[in-house]
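Chemist: Top to bottom, those sequences are chains A and B. The opening residue of the first sequence carries number 1 in full-length UniProt numbering; numbering runs sequentially from there. The opening residue of the second sequence carries number 1 in full-length UniProt numbering; numbering runs sequentially from there.
2 protein chains.
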Amino acid sequence: MAIDHPLSDAADLDAADPLASHRDRFVFADPEVVYLDGNSLGRAPKSTREAILRVVDDEWSGELIAAWDHWIDLSRETGDLIAGHVVEAHPGEVIVSDSTSVNLYKLAAAALDARPGRKVLVTDDDNFPTDRYILQGLAAARGMELRTIATDLDRGVDPARVAEAVDDDTALLCLSHVSYRSGAIADMAAITADAHAKGALVLWDLCHSAGAVPVPLASAGVDLAVGCTYKYLNGGPGAPAFLYVRRELQTSLRQPIWGWFGQRDQFAMGETYEPVDGVERFQVGTPPVIGVTAVREGVRIIAEAGMKAIREKSLRLTEYADALCRAWLEPIGFTVVTPAEAERRGGHVTVHHPEAWRIAQAMRDAKVVPDYRSPDRIRLGLAPLYTRFADVHEGLTRVRDLVTAGRHLEYGAERGRVT
Amino acid sequence: MAIDHPLSDAADLDAADPLASHRDRFVFADPEVVYLDGNSLGRAPKSTREAILRVVDDEWSGELIAAWDHWIDLSRETGDLIAGHVVEAHPGEVIVSDSTSVNLYKLAAAALDARPGRKVLVTDDDNFPTDRYILQGLAAARGMELRTIATDLDRGVDPARVAEAVDDDTALLCLSHVSYRSGAIADMAAITADAHAKGALVLWDLCHSAGAVPVPLASAGVDLAVGCTYKYLNGGPGAPAFLYVRRELQTSLRQPIWGWFGQRDQFAMGETYEPVDGVERFQVGTPPVIGVTAVREGVRIIAEAGMKAIREKSLRLTEYADALCRAWLEPIGFTVVTPAEAERRGGHVTVHHPEAWRIAQAMRDAKVVPDYRSPDRIRLGLAPLYTRFADVHEGLTRVRDLVTAGRHLEYGAERGRVT
C-alpha cells in the first residue's frame, strides 16, 4: 500500500473480497452515505422486509392464532442458528429472548443463587453501562460487594488484573468480550479458566462480538453469555437479544423471573411453577414474533457468509482503517487507540479527538455516519457484510477534509442525545 | 329477538352498530373464517402493515442510526396514548416495555421493596398462570408467604374473600381485572380500597380488560398495573406489553432490573445507576421499535373508536352470544358461565362442555376459531372493533350443527398444544 493510500488500493481490496457480493443483501437507501455505525445499529437486510411481511400477511393476518403452532419454536430455532453459526455453542444452549439487559439480569441472578455464601460480584469499569447498572442492582438487593476492576479504556481488560480481583468469595465474573469503547477483545479462554479456578461462574456480554469476531464459548468453557442482535446480526432496532447457558448447567440454574414460557407443559397452566429442563427455562413471557423473525433473517445471512470469512474480512477492514487513520487523522489531532495486534482487535476502530462531539456532528452532515462515545471518542464500525474498502477510503477522506477545513467548529460544543 | 334467533336479527343489530365501519380497518384473509379469538391474538390492522414498512423502509433502512432521535420517545408516547384512550390514567403514568411477565416482575418486586417488613403477597387461583408463577418466584426468593385465594372460576374474584385475605402483613395484592377463564370483571375500586385500608399496594393485570372494558385506574386509586397489547389492542403476536405506575408513587419505587433505559441522562453512560424520575425508570433495555410501532397503530384505532362505544358494543355482543349459547348450545350439553350482570361481564363469553377439547378442534376445522382452556372450557372472544353480530350468529350456528351431528367425536381426546 502506497504511503498516500490511493483509492485504487481500496478498489483492489474490494475486487479481491470474497464477501463482496453479500453487500447486495442489504438496503442502501442513500448511496452517498458512508455508514460506519453497523456496530450500533446494523443495516436492514432486504430479505428481512420480506420475512416480516410473511409474518404479518401470511401468518398473523392469514393463519391467525393457529400460527402459534410454529411460532412457539421460533425463539429456540433462532437460538440454534446462532449456536451453529455465530457463536461456538451446541444446539439447545442458546435462545432468543427479552432484551440484553433483562437477559443479563436473569443469568446473573441465577448464577448468584448457584453460589450461595459467596459475597462478591466482579466486573470492570470498561463494561457497558447497562451491565454495570444491572450488577449494581443485584449487589444492592443482595447485600453483596460489586468489585469493579480499573481497566485501561483503550487497551481493554487485562487478564492479570481479573485474576487478582476474582477470589474464593466471588460468585460471578461478568465482562464484555469486545469493549464497546476501544473495540479490544478480552481473552475469553484465559479469563474464564482463571475465574473457574476460584470457583466463580463467568458471564460474558457478547454485544460487540457476536457476528464480528469468533466467540469460543464451548472451547473456553464459558458458563453464561448474553448478546445483542441489532448490531452485527442486523436484527433491527431493539430486536430481541439472545442468551447462552452451558448445557451442563441448565437444570441446576433457576432464573428469578418465573414466567409461563419457562414452564414445563406450559399450556396445562398448572398451579405451580416447574421450569422445563432445557434452555427454554430462561424464557419469561410471550416472545415477540416479528422481532425474532427479523433476528433469524439476519443470522441466516451470517450463516451463509460464514464467521471465518467474516472475521478475515473484518481484520482486513480494521487494519486498513487503522492505517488510514494513522496516516491521515493523527496529523490533524486524532489518536488511534485500536489494538494493533490482530487477535485483540474487534470489529470497530476507535479514535480520540478533543473535539470528537463536534466532529461527529459534522461527519453526520457530511454523510459519513460514526458513533460518538463520551467524552472524546469516535467509533468507526466496519461491518464486514456490507462495508467496502472503498467506503472506508471515502469516509475517512471526508473526515480528513472536514477537520482540515475546520468545518466541525461550526457545530455547538454542547453535547446532546446520541444513541 | 325471536326465540329462534333468525339471522335477520343479527343483520338488524349490525345495521345499527356505530362501530360497524371499523371492521374495514382490519385484514380478513379468509372471509369464511369466523374468528372468535381476538381475546388471545387480535386481528391485524391494515395500517399496521404500512406502519411497520415505514419503520423498516424509511427509518431503519433510510435514516439508520439517526432514527433513534425519535425512536427514543416511542415507548413513552405510546404509553401516553394508552393512558389517554385505553385505560383511565394521566400522561406519564404508562409506558410500553418488555413482556407482561417481565413487567409484572418489575412492579411486584418494586412494591415488595416499598413495604419492608410485610411478609405476605396475595393473589387468587383464578389469576393467569404467569402471574402466579412470577409471584411464586418472588415469594420464594424473599422467604415470603404467597397467599392464594380460592376463587369460583366461573364467577370470578369475590371482594369479600379478598378483604379477608389481605391483612396488615400484606405487602402486595395482585389480581386480574378480567378473568382469563370466565371473563368475569373484578370490582377494581372496592378491592383496591380494601387493600389500601390494610396498607397493601395493589397491582392489577389488565391483559383481558385493556381495550375491552373500562379500566378505572385513576378513580380507583390503583397503584400499579400491567397489560397485554396483542389481544384487544391488536399489536401483533408477542407485541411488547405496557405498565402503569401511579404518578405519586413513581419516584419512591425502584424496580429491580437496573437497565440503561431507566437511567437518568442515559447517554452520559455514568458510573452509577440513578433512575430517572418518571415512568421511564421502569424501562430496562433497548425498546423493540417495530413492536412498539405496531402497538401504537393498534392503540390509535382504539382511540378513534373510543372506549365508550367499544364497551357498549362489547356488552351487546356478549349479551347476544350469551342468548344464542343458552338457546342453542345448552340443550346439547354446554353450560354458559359468563356472568349475566353487564357490569361483571368482560369481552369474552365462556362455555363449558365435557368434550370441549374435541369440539375446539372440530370448530377450527369448521372455520370458527375459539380459544380452548383446560380442562373443559371454550372461550368465545368478541372483539368489538371487527366482530359482527352476524359473525356470532354464523359461528354459533356452525358449533350447534357440528356438535349436533357429533362431528367432534371424530377428533382425538388427547390434548395437544393450544395457545
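C-beta: ideal position from N, C-alpha, C; glycine also.
How about Arg49(A): is its C-beta nearer than 8 Å to some C-beta of chain B?
Modeler: Cβ-Cβ to chain B under 8 Å: yes for Arg49(A).
Chemist: Can you look up His177(B) in the DSSP assignment and give me helix, strand or coil?
Modeler: Looking at His177(B) - three-state DSSP - the assignment turns out to be coil, as it is neither helix nor strand.
Chemist: Measuring alpha carbon to alpha carbon, tell me which residue in Asp17(B), Gly42(B), His22(B), Asp69(B) is nearest Cys207(B).
Modeler: Considering only alpha carbons, the answer is Gly42(B).
Chemist: Report the neighbours of Ala141(A) on chain B: residues whose CB is nearer than 9 Å to its CB, in chain order.
Modeler: Ala109, Asp113, Pro256, listed in chain order.
Chemist: Can you give the beta carbon distance from Thr170(A) to Val120(A), rounded, assuming they're within the 8 Å contact cut?
Modeler: Yes, they are in contact, since the Cβ atoms of Thr170(A) and Val120(A) sit about 5 Å apart, within 8 Å.
Chemist: One question on the structure: do Leu74(A) and Val292(A) come within less than 8 Å of each other, judged by their Cβ atoms?
Modeler: Result yes, Cβ atoms of Leu74(A) and Val292(A) sit closer than 8 Å.
Chemist: Can you name, in chain order, every residue of its own chain whose Cβ lies under 7 Å from the Cβ of Ala114(A), other than the five neighbours on each side?
Modeler: Correct list, in chain order: Leu201, Ser252, Leu253.
Chemist: Compile a chain-ordered list of the residues in the segment 353 to 378 of chain A whose CB is closer than 8 Å to at least one CB of chain B.
Modeler: Those would be Arg364, Val369, Asp371, Arg373, Ser374, in chain order.
Chemist: Name the DSSP beta bridge partners of Gln263(B), please?
Modeler: Paired residues: Pro275(B).
Chemist: What runs of the beta strand (DSSP E), each 3 residues or longer, lie entirely inside the segment 62 to 129 of chain A?
Modeler: Here the runs fully enclosed are 94 to 96, 120 to 124.
Chemist: Between the segment 130 to 143 of chain A and the segment 315 to 330 of chain A, do at least 3 Cβ pairs fall closer than 8 Å?
Modeler: Output reads no: the segment 315 to 330 of chain A does not touch the segment 130 to 143 of chain A.
Chemist: So Thr272(B) contacts chain A; which residues on that side make the cut at Cβ distance below 9 Å?
Modeler: The contacting residues are Arg132, Tyr133, Gln136.
Chemist: If we cut at 8 Å on Cβ distances, does Gly156(A) have a partner in chain B?
Modeler: Cβ-Cβ to chain B under 8 Å: no for Gly156(A).
Chemist: Where does Arg400(A) fall in DSSP's three states?
Modeler: Three-state DSSP puts Arg400(A) in a helix.
Chemist: So, are the CB atoms of Val368(B) and Arg400(B) less than 8 Å apart?
Modeler: No; because the gap between Cβ atoms is not below 8 Å, this pair is not in contact.
Chemist: So Gln255(A) packs on Val276(A), CB below 8 Å; how close in whole Å?
Modeler: Not quite, the Cβ-Cβ distance comes to about 12 Å (not below 8 Å), so this is no contact.
Chemist: State the beta-bridge partners of Leu201(A) as determined by DSSP.
Modeler: Leu172(A).
Chemist: Can you name the residues of chain B whose CB is closer than 8 Å to the CB of Asp37(A)?
Modeler: Simply Leu64, Ile65.
Chemist: Please confirm if Ile95(B) has its CB atom under 8 Å from at least one CB of chain A.
Modeler: So no, Ile95(B) is outside the interface.
Chemist: Output needed in chain order: residues of the segment 64 to 84 of chain B with a Cβ under 8 Å from some Cβ in chain A.
Modeler: Residues Leu64, Ile65, Ala66, Ala67, Trp68, Asp69, Trp71, Ile72.
Chemist: What in chain A is Cβ-close to Ala29(B), meaning under 7 Å?
Modeler: In chain order: Ser61, Gly62.
Chemist: Counting C-beta neighbours from all protein chains within 10 Å, is the total for Glu410(A) 16 or more, i.e. buried, or is it exposed?
Modeler: When all chains shown are included, Glu410(A) counts as exposed.
Chemist: Closer than 8 Å, CB to CB, is Gly291(B) near chain A or not?
Modeler: So, interface residue.
Chemist: I'd like to confirm the pairing. Which residues does DSSP put opposite Tyr244(B) in its beta bridges?
Modeler: Answer by DSSP bridge pairing, in chain order: Val94(B), Ala225(B).
Chemist: Apart from the five residues just before and just after Lys106(B), which ones in its own chain have a Cβ nearer than 8 Å to its Cβ?
Modeler: Asp98, Leu243, Gln255, Pro256, Ile257, Phe282, Val284, listed in sequence order.
Chemist: Round the Cβ separation of Tyr232(A) and Ala210(A) to the nearest angstrom and send it over; I've been treating them as touching at under 8 Å.
Modeler: Rounded, the Cβ-Cβ distance is 6 Å, consistent with contact.
Chemist: Would Tyr105(B) count as contacting chain A if we go by Cβ distances under 8 Å?
Modeler: Yes, Tyr105(B) lies at the interface with chain A (some Cβ there is under 8 Å from its Cβ).
Chemist: Report yes if the CB atom of Thr123(A) is closer than 8 Å to the CB atom of Leu146(A), and no otherwise.
Modeler: Yes. Within cutoff.
Chemist: Okay, do the segment 286 to 303 of chain B and the segment 53 to 71 of chain B touch, 3+ Cβ pairs below 8 Å being the bar?
Modeler: Enough Cβ pairs lie closer than 8 Å, so yes.
Chemist: Quick check: what's the CA-CA separation for Asp126(A) versus Ala150(A)?
Modeler: Whole-angstrom Cα-Cα distance: 8 Å.
Chemist: What residues in the segment 211 to 243 of chain B bring their beta carbon closer than 9 Å to a beta carbon of chain A?
Modeler: Cβ contacts with chain A come from Cys228, Tyr230, Gly236, Pro237, Gly238, Ala239, Pro240, Ala241.
Chemist: For Lys313(A), does the count of other Cβ atoms within 10 angstroms reach 16, so buried, or fall short, so exposed?
Modeler: By the 10 Å Cβ count, Lys313(A) comes out buried.
Chemist: Can you give the beta carbon distance from Ser21(B) to Glu297(B), rounded, assuming they're within the 8 Å contact cut?
Modeler: Not really, about 17 Å apart at Cβ, beyond 8 Å.
Chemist: Check each candidate in Ala356(A), Thr272(A), Leu104(A), Pro159(A) and name the one with the smallest Cα separation from Thr148(B).
Modeler: That would be Thr272(A), whose Cα lies nearest to the Cα of Thr148(B).
Chemist: So, does the CB of Leu13(B) fall closer than 8 Å to a CB anywhere in chain A?
Modeler: Taking Cβ atoms only, chain A never reaches closer than 8 Å to Leu13(B), which makes this a no.
Chemist: Please determine, among Asp158(A), Thr350(A), Ala340(A), Glu341(A), the residue with the shortest C-alpha to C-alpha distance to Phe334(A).
Modeler: It is Thr350(A) whose Cα lies nearest to the Cα of Phe334(A).
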